[in-house]
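Engineer:
Chains as they are written, first to last, in our numbering: chain A, 193 to 786; chain B, 2 to 133.
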């Protein structure tokens, strides 16, 4: 009883102290003509700039936001097509500040262009034949990062663009020689320093005005947090593929811990040491990629570069490494089934692995090759990579890769994976072969379906056993019912004329049955409501937002990691953890009497 | 010399030359394939002109063996552990330096024809005799 009383007192003291140091803002955001700015983002930065919180304005332009920050804080209002309004407020005296801000117009088209998302620019690339030429660009240039943002929209010569694409090829881009010349030609002509005329509208909504976004900066300009996942302890874990670090964020305190992965007897770049390691980005040997947790609390990590599986014990902070297979290349997305069996895709060698943490038995199996050329690649590609490793950092093995002629079609690329909650079957998506497949967890029998949209990437099941699949190459969302074996497709709405979207991953909140998905071409997150079949858009407060996987907290937040490659291209020059609280803005408004 | 050239020499030389063209075409994109393409042309020329039988024979034999080793190691080589891909890598490079997979497909027929008393062996022998 005494203990409980002490805890209650301690909690109250903490609550009072956090109230004292918390800064709140209310006010109205208006456009230059005085009309209310609907859907504008109001962001409050912490005093050291390491974290920030954002809410969206209502139809009347009003906002209300509570933050845990104190001191002199930067507050910024942002809305597409307008210049940011920024001010610094000293909040050390008063906890609550009324602050109205007015957006302004841009002084020039050039400065307006700097505020636009990449989608405005890559929508205007002068392809001779969009249907024929653009797919390779979407598939191979938009896969890892945005193309067309301020960092990549450079007035390069044709020769310089070819060198740039060569560099990308050295890190696993698979453009054919023909595609490469074509893309270099188009980028040379398009990114010539001349400004463009474009109008972008992120689509304000009452739902948007109810939301709140939190961001925590992590690492440095070459930190590459590929995936983030909420564990049972409600901490947000992030795998830094660039630096071989596991980052752990406590969302309540904002404290970020880092745990370096143990060393391994491999050169820098791991099994991919023959490749041209990108601009200093991959400084590690493991390349931790994706993560999932078993019921015993251990977190399982796929190490893409070392082709190993690794466990991390959140209590003892100890790692343990398991070999996957001698000719397995790039373990990728990982999930755990209801029997605590760990499943993961192996993209570059077209395999699926099954690992039993109790017996530590690893089974690796090939997936159907989907054609003779892919069959040859499945078998030979690991050998080519080994040959490349004999000539470190030179990518000489690419001179023997048939992708130079066939492009990305030489690989099937099994990418995302998930477990059907109805029958425990394992489902995967093949990004390049545009197929989904089902594996019977007992017989291991495989059945595949061609997808109606191209580029199925990281799919997930909802609670009813419906398979939701983002179609990266076609800018869409697919719904697949395993019972009827029928697809339904939805085109993602763009924010400007001629623009397209690149949905990397999605996840379905099994309580609210809402599909949350990345829209990496236009700096936003989408929510799809399956009942009304409507997309809701949540613009990111930060320019150059590329999100990979989504995870949900117990209190209904959806979190991810901002992981454009390189992070130096992101507005802050660093990556971040990001969480959206769908009702956070409404809660703040209610608390502040707004 | 052409009047005595056996049909199997013509067929195999043409197959190797076409293989060289195909491999060379790939080599225009992935220039590593220019090596087996050149080798195929050399072997086609040697067979057509019946020159350097030992070089021709051993290059073909090494090509076939390295191709076989590559397939066997990839299919059943897990017991080699971490060395599996080293062995398959050496086998692949050896195979490519000696003419590549197209020669491997034709090698058995060529080597059969090169046995003592067979048309290809006689073709090389006659040519050697003439030049002597």
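All C-beta atoms, glycine included, are put in the ideal place defined by N, C-alpha and C.
Since we're looking at a predicted model, the values are computed, not measured.
To the nearest angstrom, how far is it from the Cα of residue 36 (chain B) to the Cα of residue 298 (chain A)?
Structural biologist: Sequence index remark: in the second chain, residue 36 (chain B) carries index 35 (1-based). Sequence index remark: in the first chain, residue 298 (chain A) carries index 106 (1-based). Whole-angstrom Cα-Cα distance: 58 Å.
Engineer: Taking the alpha carbon of residue 115 (chain B) as the reference point, which residue from B:105, B:106, B:126 has its own alpha carbon closest?
Structural biologist: Looking up residue 115 (chain B) in the second chain gives position 114. With distances taken between Cα atoms, residue 115 (chain B) lies closest to B:126.
Engineer: Report the residue from B:43, B:11, B:10, B:7 whose alpha carbon sits nearest the alpha carbon of residue 101 (chain B).
Structural biologist: Counted from its first residue, the second chain places residue 101 (chain B) at position 100. For the residues B:43, B:11, B:10, B:7, the minimum Cα distance to residue 101 (chain B) belongs to B:43.
Engineer: Kindly list, in the order they appear in chain A, the residues whose Cβ is closer than 7 Å to that of residue 25 (chain B).
Structural biologist: Taking the second chain and counting its residues from 1, one reaches residue 25 (chain B) at position 24. The premise fails here: residue 25 (chain B) is roughly 12 Å from chain A at the closest Cβ pair, so nothing lies under 7 Å.
Engineer: Is residue 33 (chain B) close to chain A? Criterion is C-beta to C-beta, closer than 8 Å.
Structural biologist: By 1-based counting over the second chain, the position of residue 33 (chain B) is 32. Taking Cβ atoms only, chain A reaches closer than 8 Å to residue 33 (chain B), which makes this a yes.
Engineer: In or out: residue 680 (chain A) buried (at least 16 other Cβ within 10 Å) or exposed?
Structural biologist: Within the first chain, residue 680 (chain A) is the residue found at index 488, counting from 1. When all chains shown are included, residue 680 (chain A) counts as exposed.
Engineer: Take residue 200 (chain A) and list the residues in its own chain whose beta-carbon comes closer than 6 Å to its own, dropping the five residues that flank it on each side.
Structural biologist: As a position in the first chain, residue 200 (chain A) is number 8, starting the count at 1. The pLDDT assigned to residue 200 (chain A) is 46, lower than 50, so where the model puts this residue is not dependable; a value taken from the coordinates is nonetheless given after this. Here the set comprises nothing.
Engineer: Between residue 494 (chain A) and residue 482 (chain A), is the Cβ-Cβ spacing less than 8 Å?
Structural biologist: Stepping through the first chain from its first residue, residue 494 (chain A) is reached at position 302. Stepping through the first chain from its first residue, residue 482 (chain A) is reached at position 290. Yes, Cβ-Cβ distance for residue 494 (chain A) and residue 482 (chain A) is below 8 Å.
Engineer: Quick one: which chain B residues come within Cβ less than 9 Å of residue 428 (chain A)?
Structural biologist: On the first chain, residue 428 (chain A) is found 236 positions in, with the first residue counted as 1. Per Cβ cutoff of 9 Å: no residues; residue 428 (chain A) is ~35 Å from chain B at best.
Engineer: Between the segment 647 to 662 of chain A and the segment 571 to 581 of chain A, can you find at least three pairs of beta-carbon atoms closer than 8 Å?
Structural biologist: Contact between the segment 571 to 581 of chain A and the segment 647 to 662 of chain A is absent, because fewer than three Cβ pairs lie under 8 Å.
Engineer: Say whether the segment 703 to 719 of chain A touches the segment 730 to 744 of chain A, bearing in mind that this needs 3 or more beta-carbon pairs closer than 8 Å, one atom from each stretch.
Structural biologist: Flag = yes, the segment 703 to 719 of chain A and the segment 730 to 744 of chain A touch.
Engineer: Just the chain B side, please: which residues come within less than 8 Å of residue 733 (chain A) by C-beta, in chain order?
Structural biologist: Counting from one through the first chain, the residue named residue 733 (chain A) turns up at place 541. Here the premise fails: no neighbours, minimum Cβ distance about 44 Å.
Engineer: Unbroken beta strand (DSSP E) runs of length 3 or more, entirely within the segment 627 to 714 of chain A: which are they?
Structural biologist: Listed in chain order, they are 627 to 631, 638 to 642, 659 to 663, 668 to 673, 678 to 683, 698 to 701, 706 to 711.
Engineer: Residues of the segment 81 to 94 of chain B in Cβ contact with chain A at a cutoff of 7 Å, in chain order, please.
Structural biologist: Taking 7 Å as the Cβ-Cβ cut-off against chain A, the residues of the segment 81 to 94 of chain B that qualify are 82, 83, 85, 86, 87, 89, 90, 93, 94.
Engineer: Curious, which full-length alpha helix (DSSP H) runs of at least 4 residues does the segment 364 to 440 of chain A contain?
Structural biologist: Counting only runs of 4 or more, we get 369 to 382, 398 to 401.
Engineer: For residue 235 (chain A), which residues from the same chain have a beta carbon less than 6 Å from its beta carbon, with the 5 sequence-adjacent residues on both sides left out?
Structural biologist: Within the first chain, numbered from 1, the residue matching residue 235 (chain A) stands at position 43. Here the set comprises 244, 246, 268, 733.
Engineer: Check distances from the C-beta atoms of the segment 359 to 376 of chain A to those of chain B and list, in chain order, the residues that come in under 9 Å.
Structural biologist: Here the close residues are 368, 369, 370.
Engineer: Do residue 565 (chain A) and residue 601 (chain A) have their C-beta atoms closer together than 8 Å?
Structural biologist: The residue labelled residue 565 (chain A) in the question sits at position 373 within the first chain. The residue labelled residue 601 (chain A) in the question sits at position 409 within the first chain. Going by C-beta atoms, residue 565 (chain A) is nearer than 8 Å to residue 601 (chain A).
Engineer: With DSSP as the reference, identify every bridge partner of residue 451 (chain A), one or two as the case may be.
Structural biologist: For this step, residue 451 (chain A) is matched to residue 259 along the first chain. A:438.
Engineer: At what residues does the alpha helix (DSSP H) containing residue 563 (chain A) begin and finish?
Structural biologist: Residue 563 (chain A) sits at position 371 when you count from the first residue of the first chain. Premise fails: residue 563 (chain A) is in no alpha helix (DSSP H) and is neither H nor E.
Engineer: Determine, using beta carbons only, whether residue 326 (chain A) comes closer than 8 Å to chain B.
Structural biologist: Within the first chain, residue 326 (chain A) is the residue found at index 134, counting from 1. No - not a single Cβ of chain B is within 8 Å of the one on residue 326 (chain A).
Engineer: What residues of chain A sit near residue 75 (chain B), judged by a beta carbon separation below 9 Å?
Structural biologist: Position 74 of the second chain, counted from the start, is the residue given in the question as residue 75 (chain B). The contacting residues are 519, 571, 572, 574, 575.
Engineer: Is the separation between the beta-carbon of residue 96 (chain B) and that of residue 128 (chain B) shorter than 8 Å?
Structural biologist: As a first step, residue 96 (chain B) must be located in the second chain, where it is residue number 95. As a first step, residue 128 (chain B) must be located in the second chain, where it is residue number 127. Cβ atoms of residue 96 (chain B) and residue 128 (chain B): not closer than 8 Å.
Engineer: Taking the alpha-carbon positions, what's the residue 346 (chain A) to residue 294 (chain A) distance?
Structural biologist: Start at 1 with the first residue of the first chain, and residue 346 (chain A) comes out as number 154. Start at 1 with the first residue of the first chain, and residue 294 (chain A) comes out as number 102. Going from the Cα of residue 346 (chain A) to the Cα of residue 294 (chain A) covers about 32 Å.
Engineer: Starting from residue 598 (chain A) and walking both ways along the alpha helix (DSSP H), at which residues does that stretch end?
Structural biologist: Reading the first chain from its first residue, position 406 is the one you call residue 598 (chain A). Where residue 598 (chain A) is concerned, the enclosing alpha helix (DSSP H) stretches over 595 to 598.
Engineer: Quick check on the burial criterion: 16 or more other C-beta atoms within 10 angstroms. Buried or exposed for residue 349 (chain A)?
Structural biologist: As a position in the first chain, residue 349 (chain A) is number 157, starting the count at 1. Per the 10 Å Cβ criterion, exposed.
Engineer: With a threshold of 8 Å between beta carbons, is residue 592 (chain A) in contact with chain B?
Structural biologist: Working through the first chain from its first residue, we reach residue 592 (chain A) at position 400. Chain B, which has a Cβ nearer than 8 Å to the Cβ of residue 592 (chain A), makes this yes.
Engineer: With DSSP collapsed to three states, give me the class of residue 217 (chain A).
Structural biologist: What you label residue 217 (chain A) is simply residue 25 of the first chain in a count that begins at 1. Here residue 217 (chain A) sits in strand by DSSP.
Engineer: Going by DSSP, which residues form a beta bridge with residue 546 (chain A)?
Structural biologist: For this step, residue 546 (chain A) is matched to residue 354 along the first chain. Its beta-bridge partners are A:535, A:555.
Engineer: According to the neighbour-count rule (16 or more other Cβ atoms, all chains shown, within 10 Å of its Cβ), is residue 720 (chain A) buried or exposed?
Structural biologist: Sequence index remark: in the first chain, residue 720 (chain A) carries index 528 (1-based). The residue is buried, with at least 16 neighbouring Cβ atoms inside 10 Å.
Engineer: Strictly below 7 Å CB to CB, what residues from chain B border residue 596 (chain A)?
Structural biologist: In the first chain, residue 596 (chain A) corresponds to position 404, counting from 1. Simply 30, 31.
Engineer: What three-state label does DSSP hand residue 523 (chain A) in the structure shown?
Structural biologist: The residue you call residue 523 (chain A) lines up with position 331 of the first chain. Here residue 523 (chain A) sits in strand by DSSP.
Engineer: DSSP on residue 605 (chain A), reduced to helix/strand/coil?
Structural biologist: On the first chain, residue 605 (chain A) is found 413 positions in, with the first residue counted as 1. Coil, per DSSP.
Engineer: To the nearest angstrom, how far is the alpha carbon of residue 488 (chain A) from that of residue 262 (chain A)?
Structural biologist: Position 296 of the first chain, counting from 1, holds the residue named residue 488 (chain A). Position 70 of the first chain, counting from 1, holds the residue named residue 262 (chain A). Those two C-alpha atoms are separated by around 39 Å.
Engineer: Assuming residue 319 (chain A) is part of the alpha helix (DSSP H), what are its boundary residues?
Structural biologist: Indexing the first chain from 1 puts residue 319 (chain A) at position 127. Where residue 319 (chain A) is concerned, there is no enclosing alpha helix (DSSP H), given that its DSSP letter is neither H nor E.
Engineer: Compare the C-beta of residue 460 (chain A) with all C-beta atoms of chain B and state if any pair is closer than 8 Å.
Structural biologist: As a position in the first chain, residue 460 (chain A) is number 268, starting the count at 1. No, no contact with chain B.
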